[in-house]
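Numbering (this note's numbering), first residue to last: 1406 to 1507. Idealized CB from N, CA, C, for every residue including glycine. All remarks here apply to the structure that follows.
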Amino acid sequence: MFGRRLAELRNHKGMSQYELADRLQLSRGQIANYEQGTREPDFQTLIRLADFFEVSLDYMLNRTDTPNSLRLTGETLLLNESEAEYLQATLTLFRKYKHKQG
């Protein structure tokens, strides 16, 4: 399960196993082992992966299907932290405006 999630996130970013390994200073073999489910990352590596992909540890560990996502008209969009913050601020302003309109 974790391996599938890792591969999904990596593919979503359009990265190869080599590229991800290089960015996180891991070996390509480690990434392959994680994705195949033959090995699991240690806690610090798990945190680095979650931070890199800007998702929660719960999402990385398949405890939730919501990374930082937004569901619009049947399509789920994966959002990074800055996108989520921007949309939250915009929604807050919109709600204040609508409230004033009464």
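Does the distance from the CB of residue i to the CB of residue j come in under 9 Å?
i       : j       : result
Leu1431 : Thr1450 : yes
Phe1457 : Leu1425 : yes
Leu1429 : Arg1453 : yes
Taking DSSP as the reference, what is the three-state secondary structure of residue i?
i       : result
Gly1419 : coil
Between residue i and residue j, how many whole angstroms is the CB-CB distance? I'm expecting something under 8 Å.
i       : j       : result
Leu1414 : Glu1440 : About 10 Å separates the two Cβ atoms, so there is no contact after all.
Ser1461 : Pro1446 : Actually they do not touch by this definition, with Cβ atoms about 15 Å apart.
Leu1483 : His1417 : 6 Å
Jot down the residue ranges of each uninterrupted beta strand (DSSP E) in the region 1423-1490, minimum 3 residues, whole runs only, in chain order.
-> 1474-1477 and 1480-1483
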